[in-house]
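Undergrad: Numbering (our numbering), first residue to last: 26 to 459. Just so it is clear, CB atoms sit at the ideal spot from N, CA and C, and this is done for glycine as well.
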Ligand SMILES: [Zn+2]
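(1) Among 117, 91 and 42, which residue has its Cα nearest to the Cα of residue 454?
(2) For residue 85, which three-state DSSP category applies?
(3) Should residue 272 be listed as close to ligand 1, given that the test is whether its C-beta is under 6 Å from any heavy atom?
(4) Could you compute how far the alpha carbon of residue 411 sits from the alpha carbon of residue 426?
(5) Could you say which of 96, 347, 137 and 91 lies nearest to residue 428 if we only look at CA atoms?
(6) Please classify residue 329: is it buried, with 16 or more other beta-carbons within 10 angstroms of its beta-carbon, or exposed?
(7) Could you tell me the distance, in whole angstroms, from the CA atom of residue 287 to the CA atom of residue 312?
(8) Helix, strand or coil for residue 98 per DSSP?
(9) How many Å lie between residue 458 and residue 95 at the Cα?
(10) Less than 7 Å between the C-beta atoms of residue 133 and residue 440, yes or no?
(11) What would DSSP say about residue 415, mapped onto helix, strand or coil?
(12) Given a cut-off of 7 Å on the beta-carbon distance, is the pair residue 57 and residue 385 in contact?
(13) Helix, strand or coil for residue 385, going by three-state DSSP, please let me know.
(14) Take residue 360 as the anchor and find which of 332, 322 and 388 has the nearest alpha-carbon.
(15) Is residue 149 near residue 124, with beta carbons less than 7 Å apart?
(16) Quick check: what's the CA-CA separation for residue 190 versus residue 220?
(17) Please tell me whether residue 327 and residue 92 are closer than 7 Å, where the distance is taken between their beta carbons.
(18) Assuming residue 211 contacts residue 259 (C-beta within less than 8 Å), just tell me the rounded distance between them.
(19) Going by other Cβ atoms of all chains shown within 10 Å of its Cβ, with 16 needed for buried, is residue 445 buried or exposed?
(20) Can you give me the C-alpha to C-alpha distance between residue 79 and residue 403, rounded to a whole angstrom?
(21) How about residue 53 and residue 26: are their beta carbons less than 7 Å apart?
(22) Cα separation between residue 276 and residue 32?
Structure, rendered in structure tokens:
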């Protein structure tokens with residue numbers, strides 16, 4: 026057995042307490058063997074965590090990682106215009122190689138900001154899976170289906186691709202990759218395709234992930250045409266099961282919150298994207314009070330514009346209070362849970378907790394910084410004050426992905442250089458001067 030010890034740190038436990046302890050990891054099994062004192066000499070390999078907080082690796086519950094290539098490409102527009110005028114035309118020019126390059130850039134950023142697992146909806150998923158395999162993270166991947174503006178043949182082919190990807194890549198990268206069937210949203214995929222393909226996804230045994238109730242413009246057409254709220258419509262199509270998870274859930278009414286709670290379907294809250302696109306404020310405290318599992322996600326870098334879960338944590342706490350008009354809403358402890366175990370539970374991973382037998386997915390945050398002094402409450406620091414650049418080490422599945430800020434699985438300079446070149450070529454093809 027090969028072991029890794031993370032020594033001298035303060036460890037965030039599942040009950041939100043922080044204790045001084047060493048962590049011993051079985052690298053072969055990718056599991057935490059023991060959390061306790063005096064484990065310093067036990068590991069074949071050691072990571073110094075003196076003066077640091079050891080947290081579960083962050084779980085980004087909703088992302089489009091390859092969109093990192095479109096970071097800053099188009100900003101300051103509402104969702105519909107932003108997608109139709111800028112993002113979709115640019116995405117139409119993306120090659121499979123661009124998707125690989127964008128994914129590597131996003132994964133590099135995730136490792137550097139302590140994220141060890143994520144859920145992702147995009148196209149050219151084999152390229153993203155290859156990047157995940159190389160980078161060493163854990164992921165639930167899926168091909169996003171859009172049927173609007175496609176003929177029947179094109180629409181069915183897109184849905185078939187999503188099913189094929191879900192079947193073929195489940196369990197890839199030594200089990201670090203799992204999959205889901207991913208209709209883009211309830212308004213961008215026609216009812217007939219949901220009715221035909223959702224049962225096939227159930228037969229394949231994969232969860233279903235989609236954008237739901239992100240903007241008011243997404244709610245109104247369903248209410249008008251179907252006479253029910255979007256999540257009732259989703260439930261009628263068999264898309265509201267305990268293993269399913271929806272992104273956003275901004276414009277959900279009380280009946281839909283109850284529906285989610287009763288179904289056991291999780292919501293991934295994406296506060297930065299919701300603020301940037303002025304989509305609205307998700308009722309996060311009300312969802313949590315109703316017993317809904319709420320995770321946290323960045324959405325794509327084009328609507329955020331970074332993939333740091335530490336930024337997302339602060340945004341979630343701030344926006345949650347504003348949405349509830351209550352400073353006690355969405356407290357630091359809730360945010361710490363949402364960015365780790367909450368997201369992991371939502372997307373169906375066992376990560377997100379530091380305890381014996383759990384997956385060895387963790388991040389070590391350097392506390393010896395002016396903005397993290399003094400140390401009254403480290404959970405507060407995690408939610409409100411820590412930043413991506415404070416992450417020292419990142420470990421996933423027992424493997425060290427970053428040691429003392431140096432990423433070991435990707436060549437940082439080369440990834441950035443390729444991404445810059447690919448983005449410039451993309452802009453030129455998409456007819457943009459910038
Ligand atoms: Zn999204």
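TA: In short, the structure shows the following:
(1) Position 429 of the chain shown, counted from the start, is the residue given in the question as residue 454. If we check each option's Cα against that of residue 454, 117 comes out closest.
(2) The residue given as residue 85 occupies position 60 in the chain shown. DSSP places residue 85 within a strand segment (E or B) once states are collapsed to three.
(3) Sequence index remark: in the chain shown, residue 272 carries index 247 (1-based). Residue 272 Cβ: within cutoff of ligand 1.
(4) The residue given as residue 411 occupies position 386 in the chain shown. The residue given as residue 426 occupies position 401 in the chain shown. One alpha carbon belongs to residue 411, the other to residue 426, and they sit about 20 Å apart.
(5) Reading the chain shown from its first residue, position 403 is the one you call residue 428. Looking at the Cα atoms, 137 is the closest of the given residues.
(6) Mapped onto the chain shown, residue 329 falls at position 304. Label assigned to residue 329: buried.
(7) As a position in the chain shown, residue 287 is number 262, starting the count at 1. As a position in the chain shown, residue 312 is number 287, starting the count at 1. Distance between the alpha carbons of residue 287 and residue 312 is about 12 Å.
(8) Position 73 of the chain shown holds residue 98. Note: residue 98 maps to coil in three-state DSSP.
(9) Mapped onto the chain shown, residue 458 falls at position 433. Mapped onto the chain shown, residue 95 falls at position 70. Unreliable positioning characterises residue 458 in this predicted model, as indicated by a pLDDT of 46, which lies under 50. A coordinate reading is not provided.
(10) In the chain shown, the residue the question calls residue 133 occupies position 108. In the chain shown, the residue the question calls residue 440 occupies position 415. For residue 133 and residue 440, yes; Cβs fall inside 7 Å.
(11) Here residue 415 is taken as the residue at index 390 of the chain shown, counted from 1. In this structure, DSSP gives residue 415 a helical state, which the three-state scheme calls helix.
(12) Residue 57 sits at position 32 when you count from the first residue of the chain shown. Residue 385 sits at position 360 when you count from the first residue of the chain shown. Note that the C-beta distance between residue 57 and residue 385 is below 7 Å.
(13) As a working mapping, residue 385 is identified with position 360 in the chain shown. Coil at residue 385, not helix or strand.
(14) The residue labelled residue 360 in the question sits at position 335 within the chain shown. Looking only at 332, 322 and 388, the smallest Cα-Cα distance to residue 360 is reached by 322.
(15) On the chain shown, position 124 is the one that residue 149 refers to. On the chain shown, position 99 is the one that residue 124 refers to. Using a Cβ distance threshold of 7 Å, residue 149 and residue 124 count as a contacting pair.
(16) Position 165 of the chain shown, counted from the start, is the residue given in the question as residue 190. Position 195 of the chain shown, counted from the start, is the residue given in the question as residue 220. In this structure, the alpha-carbon of residue 190 lies about 19 Å from that of residue 220.
(17) Indexing the chain shown from 1 puts residue 327 at position 302. Indexing the chain shown from 1 puts residue 92 at position 67. Yes, Cβ-Cβ distance for residue 327 and residue 92 is below 7 Å.
(18) Here residue 211 refers to the residue found at position 186 of the chain shown. Here residue 259 refers to the residue found at position 234 of the chain shown. Separation of the CB atoms of residue 211 and residue 259 is rounded to 6 Å, and the pair is thereby assigned contact status at 8 Å.
(19) Against the chain shown, residue 445 aligns to sequence position 420. With a 10 Å radius around the Cβ and a threshold of 16 neighbouring Cβ atoms, residue 445 comes out exposed.
(20) Reading the chain shown from its first residue, position 54 is the one you call residue 79. Reading the chain shown from its first residue, position 378 is the one you call residue 403. Taking the Cα positions, residue 79 is about 10 Å away from residue 403.
(21) Sequence index remark: in the chain shown, residue 53 carries index 28 (1-based). Sequence index remark: in the chain shown, residue 26 carries index 1 (1-based). Their beta carbons are under 7 Å apart, which means residue 53 touches residue 26 by this criterion.
(22) Here residue 276 refers to the residue found at position 251 when the chain shown is read from its first residue. Here residue 32 refers to the residue found at position 7 when the chain shown is read from its first residue. Roughly 45 Å separates the two Cα atoms.
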